[in-house]
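Student:
Number of protein chains: 2
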Amino acid sequence: MALRHAGARVRVLTRSWPPDLIVSREVLADLAIYRGDIRDEAVVDAAVKDADFVFHLAGKSGSAVSNASPVEDLDVNLRALLNVLVACTHLAPSARVIFPSSRLVYAPHQQLPVTENGLLAPISIYGTHKLAAERYLEVFKRESGLSFVVLRITNPYGPFQRREQKSYGIINWFIWRALNDLPLQVFGEGDQLRDYVHAHDVVEAMMLAATTPAADGMTFNVGSGESVTFAHMAELVAAAAGSSRIEHIPWPENQARVETGDFAADVSLIKSTLGWAPTRALDSGIAGVIQGYRAMSAGKAERPGTR
Amino acid sequence: MALRHAGARVRVLTRSWPPDLIVSREVLADLAIYRGDIRDEAVVDAAVKDADFVFHLAGKSGSAVSNASPVEDLDVNLRALLNVLVACTHLAPSARVIFPSSRLVYAPHQQLPVTENGLLAPISIYGTHKLAAERYLEVFKRESGLSFVVLRITNPYGPFQRREQKSYGIINWFIWRALNDLPLQVFGEGDQLRDYVHAHDVVEAMMLAATTPAADGMTFNVGSGESVTFAHMAELVAAAAGSSRIEHIPWPENQARVETGDFAADVSLIKSTLGWAPTRALDSGIAGVIQGYRAMSAGKAERPGTR
């Protein structure tokens with residue numbers, strides 16, 4: 003929608019079309035759809051050719067799952083990115099690539115808030131590949147002048163996010179569970195701090211990253227700049243959903259091994275450079291997502307095909 | 003030879019057998035050869051099964067070449083390493099992996115000498131993959147207790163090294179050129195400092211890394227600890243080879259883009275932890291390599307098959 007409002011002609015490279023999300027006709031209209039897998043060079047070439055901006059949103063998320071399937075993570079998150087960068091070099095040399103990196107490139111247990119100069123030492127294959135991806139962008143810039151901006155996103159949540167899988171965002175997963183009367187499982191005390199950022203704020207950061215000339219080659223944290231405990235986030239979801247219970251369970255080993263300790267992003271660089279600021283408070287943000295899911299469910303029930 | 007002297011039963015995974023190097027029968031006897039490509043999981047599994055030590059020496063070298071062929075570098079230097087690490091996890095869980103990393107993981111233009119805590123910011127795909135490989139080892143250790151040691155090697159040279167390609171070591175390539183009456187090309191003034199380390203010293207570091215319990219999970223610089231200018235190295239080669247000329251030419255663009263500036267490794271950590279020290283001076287080391295190549299050429303000429 004942000005691209006639409008900006009007057010862009012939008013292309014989407016996607017494996018699943020029509021999407022398994024319920025989105026408005028307005029969003030779907032006039033998109034150029036490139037159906038395929040980002041690992042396939044031919045469809046990447048077609049989608050990238052002559053583009054002005056490339057938002058590299060395809061990928062696979064999740065620390066624990068990446069450590070369990072490192073080769074798949076390599077293929078989807080690194081090899082496929084090389085397809086995109088090589089395609090840009092040859093077919094869209096003046097394109098700017100907007101790359102969503104992650105707070106997971108930082109070493110665990112940093113002094114808070116973590117600036118972009120924080121120690122880089124990921125403890126997952128996922129974080130390792132995000133960091134390597136950042137280096138790829140630097141190399142391609144140096145080799146062929148490719149323009150890029152890296153956004154190290156904290157814990158995003160928001161409407162339309164896939165919610166069936168925890169690895170795609172804990173808040174959306176919790177909301178999905180709460181709306182289905184399933185308990186919200188909190189590992190241990192849940193007192194680790196997290197910085198949750200709303201998807202609308204992330205989108206705004208991406209638009210500014212794409213359109214601000216001075217951002218070329220820069221790396222920015224994108225977070226709310228505020229941190230809350232994991233347990234508090236769960237309470238907010240439970241309260242907003244109206245009925246749910248929180249269960250404290252012991253840390254599963256595979257999750258404990260990728261736990262990063264407290265995290266909060268210093269977002270002063272993106273504020274000063276791009277004039278960006280997060281606008282959504284966590285409680286109202288969560289309420290909005292719940293409202294959106296409920297409206298979508300109602301809409302779905304009224305669809306002709308499902309009667 | 004070092005492994006043979008240590009009484010090890012040695013397995014070799016190699017794409018080319020018999021080797022295209024001329025080595026003594028003593029070295030070749032009683033090796034278990036696994037012929038295949040490290041990208042092939044099956045042969046990696048077979049070679050790794052029940053191993054006590056895995057020296058991960060297969061790979062592709064060179065900054066400029068990696069930037070020109072990033073996908074190939076990914077396959078050979080990262081994906082194949084994952085094959086090895088996954089194989090270790092399942093088939094040799096108590097093996098120690100000795101991983102040859104590179105000075106090229108460091109940012110260019112560091113304060114000299116560079117310690118293991120130097121800034122990590124490679125400017126090539128090759129360096130990016132070496133750094134990602136180091137993180138893989140950390141992740142596998144954390145996930146499954148895999149033992150490893152990382153050796154960040156400076157500029158190695160020595161007998162038996164492939165010499166037809168510059169990316170496999172500039173000294174050997176220069177020696178090969180000098181012995182074939184070809185000029186030694188020095189880019190610009192050649193006043194960049196380099197730290198050249200002899201292969202025998204690297205082998206000794208690998209043996210100590212493999213057999214020192216306290217080294218588990220550690221990362222060490224492996225260099226001579228002394229730095230000379232590139233131009234001086236070229237002069238040493240020319241002098242030792244007896245006849246050659248040095249040509250100063252402008253920096254090719256692709257080489258200038260991966261030039262790291264001066265480099266010298268701080269090797270105090272490996273000295274204090276492993277009791278290792280470099281033993282070969284550069285001038286006598288170069289002379290020894292030249293002597294070795296000449297002896298091999300003489301031996302080759304006397305082989306029955308070539309008469």
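Line by line, the protein sequences give chains A and B.
Take any residue in the first sequence, count from 1 to its spot, add 2: that is its number in my numbering.
Take any residue in the second sequence, count from 1 to its spot, add 2: that is its number in my numbering.
By construction, the Cβ of each residue, glycine as well, lies at the ideal position given by its N, Cα and C atoms.
1) Alpha carbons only, please: which of B:Gly294, B:Tyr138, B:Asp39, B:Thr262 is nearest the one belonging to Gln113 (chain B)?
2) Please state whether DSSP places Glu145 (chain B) in a helix, a strand or coil.
3) On the three-state DSSP scale, how would you describe Gln293 (chain B)?
4) Shortest alpha-carbon distance to Thr130 (chain A) belongs to which of B:Ala134, B:Ile127, B:His202?
5) Do we get a CB-CB distance below 8 Å when we pair Thr130 (chain A) with the residues of chain B?
6) Keeping to the same chain, check which residues put their C-beta closer than 7 Å to that of Ile272 (chain A); ignore five residues upstream and five downstream.
7) Thinking C-alpha only, which one of A:Ser63, A:Ser68, A:Gly160, A:Leu83 is nearest Val46 (chain A)?
8) For Ala94 (chain B) and chain A, any beta-carbon pair shorter than 8 Å?
9) Using 10 angstroms around the beta-carbon of Gly120 (chain A), count the other beta-carbons present and answer buried if the total reaches 16, otherwise exposed.
10) Would you report the Cα separation of Val73 (chain B) and Leu139 (chain A), rounded to the nearest angstrom?
11) Taking only beta-carbon atoms, is Asn79 (chain B) less than 8 Å away from chain A?
12) From the DSSP output, in three-state form, read off Phe162 (chain B) for me.
13) Since Ala243 (chain B) and Ile177 (chain B) are thought to touch, with beta carbons under 8 Å apart, how far apart are those beta carbons, to the nearest angstrom?
14) By the DSSP assignment, the alpha helix (DSSP H) with Asn85 (chain A) in it spans what residues?
15) Output needed for Leu389 (chain B): all residues of its chain with C-beta closer than 8 Å, excluding positions within five of it in sequence on either side, in chain order.
16) If Ser149 (chain A) and Arg98 (chain A) are in contact, beta carbons under 8 Å, what's the gap, nearest whole angstrom?
17) In three-state terms, what does DSSP make of Thr130 (chain A)?
18) Hey, is Ser103 (chain A)'s beta-carbon within less than 8 Å of any beta-carbon in chain B?
19) Tell me which same chain residues have a C-beta within less than 7 Å of the C-beta of Ala217 (chain A), skipping the five on either side of it?
20) Measuring CB to CB, does Val260 (chain A) end up less than 8 Å from Ala66 (chain A)?
21) Under 8 Å, Cβ to Cβ, is there at least one residue of chain B near Leu186 (chain A)?
22) Give the DSSP-derived three-state secondary structure of Ser65 (chain A) in the structure shown.
23) Going along the chain, which residues of its own chain have a beta-carbon closer than 8 Å to the beta-carbon of Ala303 (chain A), five neighbours each way excluded?
24) Grouping DSSP H, G and I as helix and E and B as strand, with all else coil, what is Gln187 (chain A)?
25) For Arg296 (chain A), count neighbouring C-beta atoms within 10 Å of its own C-beta (all shown protein chains included) and say buried if the count is 16 or more, exposed if not.
26) Within the continuous alpha helix (DSSP H) that includes Leu76 (chain B), where are the two ends?
27) Have a look at the DSSP bridge pairing and note the partners of Thr221 (chain A).
28) Please list the terminal residues of the continuous alpha helix (DSSP H) segment that includes Ala1 (chain A).
Tutor: In short:
1) Along the second sequence, one-based indexing puts residue 113 (chain B) at 111. In terms of Cα proximity to Gln113 (chain B), the closest of B:Gly294, B:Tyr138, B:Asp39, B:Thr262 is B:Thr262.
2) Walking along the second sequence from the start, residue 145 (chain B) turns up at place 143. Three-state DSSP puts Glu145 (chain B) in a helix.
3) Position 291 of the second sequence, counted from the first residue, corresponds to residue 293 (chain B). Of the three classes helix, strand and coil, the one that applies to Gln293 (chain B) here is helix, per DSSP.
4) Position 128 of the first sequence, counted from the first residue, corresponds to residue 130 (chain A). Closest option to Thr130 (chain A), Cα to Cα, is B:Ala134.
5) Working through the first sequence from its first residue, we reach residue 130 (chain A) at position 128. Yes, contact with chain B.
6) Taking the first residue of the first sequence as 1, we reach residue 272 (chain A) at position 270. Residues of the same chain with a CB within less than 7 Å of the CB of Ile272 (chain A), apart from the 5 flanking positions on each side, are Ala207, Phe222, Asn223, Val224, Trp278 in chain order.
7) As a position in the first sequence, residue 46 (chain A) is number 44, starting the count at 1. Selected option, being the one with the closest Cα: A:Leu83.
8) Counting from one through the second sequence, the residue named residue 94 (chain B) turns up at place 92. With 8 Å as the cut-off, Ala94 (chain B) does not count as an interface residue toward chain A.
9) Locating residue 120 (chain A) in the first sequence gives position 118, counting from the first residue. Counting other Cβ atoms within 10 Å of its Cβ, Gly120 (chain A) reaches 16 or more and is therefore classed as buried.
10) Taking the second sequence and counting its residues from 1, one reaches residue 73 (chain B) at position 71. Taking the first sequence and counting its residues from 1, one reaches residue 139 (chain A) at position 137. In this structure, the straight-line span from the alpha carbon of Val73 (chain B) to that of Leu139 (chain A) is close to 14 Å.
11) Locating residue 79 (chain B) in the second sequence gives position 77, counting from the first residue. No, its Cβ sits nowhere closer than 8 Å to a Cβ of chain A.
12) Reading the second sequence from its first residue, position 160 is the one you call residue 162 (chain B). Assignment of Phe162 (chain B) by DSSP, reduced to helix, strand and coil, places it in the coil class.
13) Taking the first residue of the second sequence as position 1, residue 243 (chain B) is located at position 241. Taking the first residue of the second sequence as position 1, residue 177 (chain B) is located at position 175. The Cβ separation is near 7 Å, so the contact holds.
14) By 1-based counting over the first sequence, the position of residue 85 (chain A) is 83. Boundaries of the alpha helix (DSSP H) harbouring Asn85 (chain A): 82 to 93, taken from the DSSP string.
15) Residue 389 (chain B) cannot be examined here, being either before or after the span of chain B that is shown, 3 to 309.
16) Within the first sequence, numbered from 1, the residue matching residue 149 (chain A) stands at position 147. Within the first sequence, numbered from 1, the residue matching residue 98 (chain A) stands at position 96. Confirmed, Cβ separation roughly 4 Å.
17) The residue labelled residue 130 (chain A) in the question sits at position 128 within the first sequence. Residue state, collapsed to three classes: helix.
18) Indexing the first sequence from 1 puts residue 103 (chain A) at position 101. Not closer than 8 Å to any Cβ of chain B, the Cβ of Ser103 (chain A) fails to qualify, so no.
19) Mapped onto the first sequence, residue 217 (chain A) falls at position 215. Here the set comprises Val151, Ala211, Thr275, Leu276.
20) Locating residue 260 (chain A) in the first sequence gives position 258, where the first residue counts as 1. Locating residue 66 (chain A) in the first sequence gives position 64, where the first residue counts as 1. In contact: Val260 (chain A) and Ala66 (chain A) (Cβ atoms closer than 8 Å).
21) For this step, residue 186 (chain A) is matched to residue 184 along the first sequence. Leu186 (chain A) does not count as touching chain B.
22) The count along the first sequence starts at 1 and reaches residue 65 (chain A) at position 63. In the structure shown, Ser65 (chain A) sits in a helix (DSSP, three-state: H, G or I).
23) Sequence index remark: in the first sequence, residue 303 (chain A) carries index 301 (1-based). At Ala303 (chain A) the pLDDT is 45, less than 50, meaning the model places this residue with poor confidence and gives no usable figure here.
24) Locating residue 187 (chain A) in the first sequence gives position 185, where the first residue counts as 1. Correct three-state label for Gln187 (chain A): strand.
25) In the first sequence, the residue the question calls residue 296 (chain A) occupies position 294. Looking at its Cβ environment, which holds fewer than 16 other Cβ atoms inside 10 Å, Arg296 (chain A) is exposed.
26) The sequence position of residue 76 (chain B) within the second sequence is 74, counting from 1. In this chain, the alpha helix (DSSP H) harbouring Leu76 (chain B) covers 72 to 76.
27) For this step, residue 221 (chain A) is matched to residue 219 along the first sequence. Looking at the DSSP output, Thr221 (chain A) sits in a beta bridge with A:Val152.
28) Chain A is shown from 3 up to 309; residue 1 (chain A) falls before or after that span and cannot be answered.
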